[in-house]
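The numbering of the sequence shown is the numbering used here, which starts it at 21 and goes up by one. A short worksheet on the structure shown next.
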Amino acid sequence: MQAKSSFTVDRFDQESPYFAEEGRAYARAAVDKTFTGPLAATGVVQMLSVRADEGPAGYVALERISGTLDGREGSFALLHIGTMDRDTKWAKWPIVPGSGTGELATIRGEGRIEIDGDGQHHLILDYEL
């Protein structure tokens, strides 16, 4: 099954870098999101990132998503892994096996992000129950 849902970032609190050298900064951030559409939920994210002054960056994050997915209530964890380098972006967002609760207890699959020309963000979630 596939669900395409819009999301907004309600909070992005990035701490001061915990390590920096030669134009590279390592930081931690807490992010809250709201999803609308087939996924009507909230997301709470803890993220670690590294960014170079010239622009390249990478991050890992763990997100707990709680709400309803196509009418089924529960929660699950989504792992984020991504890199960016000028015009090249790569990301993988697998659902953490065994993390589902409630009616989403058996969920598995993977997500990806799409950003419209107007900046609207979408999570495309390919999943099985």
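Built from N, CA and C at the ideal position, the CB exists for glycine as well.
Task: Residue burial classification, Tyr46 (beta-carbon count within 10 angstroms, cutoff 16) - done: Along the sequence shown, read from residue 1 onward, the residue named residue 46 stands at position 26. Under this definition Tyr46 is an exposed residue.
- [ ] Check each candidate in Met67, Leu149, Arg106 and Asp73 and name the one with the smallest Cα separation from Leu124.
- [x] Here residue 124 refers to the residue found at position 104 of the sequence shown. Nearest option by C-alpha distance: Leu149.
TODO: With a cut-off of 8 Å on the beta carbons, I'd call Ala23 and Leu99 a contact; round off their distance for me.
DONE: Counted from its first residue, the sequence shown places residue 23 at position 3. Counted from its first residue, the sequence shown places residue 99 at position 79. No, Ala23 and Leu99 are not in contact; Cβ-Cβ is about 18 Å, not under 8 Å.
Open item on the list: I'd like the list of long-range same chain contacts for Thr56, defined as Cβ closer than 7 Å, with 5 residues on each side in sequence excluded.
Closed with: Translated into the one-based positions of the sequence shown, residue 56 becomes position 36. Contacts found: Ser25 and Ser26.
Task: Chain-order list of residues whose beta-carbon lies under 7 Å from that of Pro117 (same chain, five-residue window excluded) - done: For the purposes of this step, residue 117 is identified with residue 97 of the sequence shown, where counting begins at 1. The answer, listed in chain order, is Arg128.
Task: CB contact flag (Asp52, Gly63, <9 Å) - done: Counting from 1 along the sequence shown, the entry for residue 52 is found at position 32. Counting from 1 along the sequence shown, the entry for residue 63 is found at position 43. Yes, they are a contact pair.
Task: Whole-angstrom distance between Ser95 and Ser119, CA atom to CA atom - done: One-based indexing of the sequence shown puts residue 119 at position 99. One-based indexing of the sequence shown puts residue 95 at position 75. Each residue's alpha carbon lies about 8 Å from the other.
- [ ] Name the one or two DSSP bridge partners that Gly102 has.
- [x] Along the sequence shown, read from residue 1 onward, the residue named residue 102 stands at position 82. Looking at the DSSP assignment, Gly102 forms a beta bridge with Tyr79 and Ala111.
Open item on the list: In this structure, how does DSSP classify Gly63 when only helix, strand and coil are distinguished?
Closed with: Your numbering for residue 63 matches position 43 in the sequence shown. The answer is strand: DSSP assigns Gly63 an E or B state.
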